[in-house]
Amino acid sequence: MTISNPKDWRRRLIWALAILFILLGLYMAGTQRFERWAGQELEKAAPTARRVVPLPAKKILRESREHLPVYGLASQWLARKAASVAYFGIVGVFVLMLRKRRAASLREVLIVTVVSGVVMSAIVEVFEWPEEIADQVFDLACGALGGVIAGIVWWLFRKGRG
Numbered sequence: 275m276t277i278s279n280p281k282d283w284r285r286r287l288i289w290a291l292a293i294l295f296i297l298l299g300l301y302m303a304g305t306q307r308f309e310r311w312a313g314q315e316l317e318k319a320a321p322t323a324r325r326v327v328p329l330p331a332k333k334i335l336r337e338s339r340e341h342l343p344v345y346g347l348a349s350q351w352l353a354r355k356a357a358s359v360a361y362f363g364i365v366g367v368f369v370l371m372l373r374k375r376r377a378a379s380l381r382e383v384l385i386v387t388v389v390s391g392v393v394m395s396a397i398v399e400v401f402e403w404p405e406e407i408a409d410q411v412f413d414l415a416c417g418a419l420g421g422v423i424a425g426i427v428w429w430l431f432r433k434g435r436g
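Position one of the sequence shown corresponds to residue 275 (the working numbering), numbered consecutively onward.
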């Protein structure tokens with residue numbers, strides 16, 4: 275089978291990369307290797323951060339931790355949630371790239387990326403079942419945040435390119 279149209283070839287490549295990226299994300303979520311590694315790196319940086327971060331900010335961070343669904347080591351939890359935001363945002367970008375119609379407004383871009391991020395987060399939650407409901411809701415919020423960030427970056431990038 276030959277692909278004569280370069281757009282067809284590009285679209286198939288994006289589909290393949292998107293599927294590989296999604297499978298990699300599911301694998302990483304299941305093995306927790308990344309969060310252990312990144313958590314260890316954050317722990318190494320913690321002494322320096324404790325000296326640099328002002329006392330009022332430390333107080334806010336401590337109080338915030340009490341209201342968040344943090345389980346396990348805080349450094350690993352932070353690494354996992356930061357990676358989730360990035361991962362779900364990238365999934366949103368893949369969806370934008372695979373759409374046949376280019377988004378005409380920032381609003382449309384954000385709808386696509388936020389919905390994509392939340393849906394992918396929900397799929398991951400199915401694989402991570404059972405978890406506390408607070409953690410599931412927080413993970414869905416990470417999907418939405420990733421979608422918002424990716425959508426804004428995508429829009430600014432596309433706007434800058436004309």
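The beta-carbon is built from N, C-alpha and C at its ideal position, and this holds for glycine as well. It should be emphasised that the depicted structure is a prediction, and the values quoted were computed from it without experimental measurement.
*Quick one: is W403 buried, meaning 16 or more other Cβ sit within 10 Å of its Cβ, or exposed?*
The residue in question, W403, is exposed, as its Cβ has fewer than 16 Cβ neighbours within 10 Å.
*Could you tell me whether the Cβ atoms of G417 and F362 are closer together than 8 Å?*
Contact: yes.
*Are the beta-carbon atoms of G425 and V383 separated by less than 8 Å?*
With respect to the 8 Å criterion, G425 and V383 are classified as neighbours on the basis of their beta carbons.
*Of the choices A323, R435, A360, whose alpha-carbon is the least far from that of G299?*
Measuring from the Cα of G299, the nearest candidate turns out to be A360.
*Go ahead and label D282 buried or exposed: buried means 16 or more other beta carbons lie within 10 angstroms of its beta carbon, across all protein chains shown.*
By the Cβ neighbour-count rule, D282 is exposed, with fewer than 16 other Cβ atoms within 10 Å of its own.
*Under 8 Å, do L316 and L352 count as touching if we go by C-beta distance?*
Yes, the Cβ-Cβ distance between L316 and L352 is below 8 Å.
*Please state whether DSSP places Y301 in a helix, a strand or coil.*
Correct three-state label for Y301: helix.
*Starting from the C-beta of A292, find all residues in its chain whose C-beta is less than 6 Å away, skip the five residues before and the five after it, and write them out in chain order.*
The beta carbon of A292 lies closer than 6 Å to those of F368 in the same chain, with the five residues before and after it left out.
_Here's a check: name, in chain order, each residue in its chain whose Cβ is nearer than 7 Å to the Cβ of G313, leaving out the five neighbours to either side._
Non-local beta-carbon contacts of G313 in its own chain, meaning distances under 7 Å to residues more than five positions away in sequence, involve L347, S349, Q350, A353 in chain order.
*asked:* Please report the straight-line C-alpha distance between L414 and A303, rounded to a whole angstrom.
replied: Roughly 15 Å between the two C-alpha positions.
*Contacting residues, own chain, Cβ-Cβ under 8 Å from F412 (five flanking each side not counted)*: Sequence-distant Cβ neighbours of F412 in its own chain, meaning closer than 8 Å and more than five residues away, are L342, P343, K355.
*In or out: G421 buried (at least 16 other Cβ within 10 Å) or exposed?*
Residue environment for G421: buried (at least 16 other C-beta atoms within 10 angstroms of its C-beta).
*What's the gap between the Cα of F308 and the Cα of V389?*
Those two C-alpha atoms are separated by around 25 Å.
*Assumed close pair F295, I364 - CB separation to whole angstroms, cut-off 8 Å*: With 8 Å as the limit, F295 and I364 qualify as a contact, their Cβ atoms being about 7 Å apart.
_Taking the alpha helix (DSSP H) that A348 belongs to, which residues open and close that run?_
Run containing A348: 348-372, per the alpha helix (DSSP H) assignment.
*asked:* So L372 and T387 are supposed to be a Cβ contact under 8 Å. How far apart are they, rounded?
replied: About 12 Å; that fails the 8 Å criterion.
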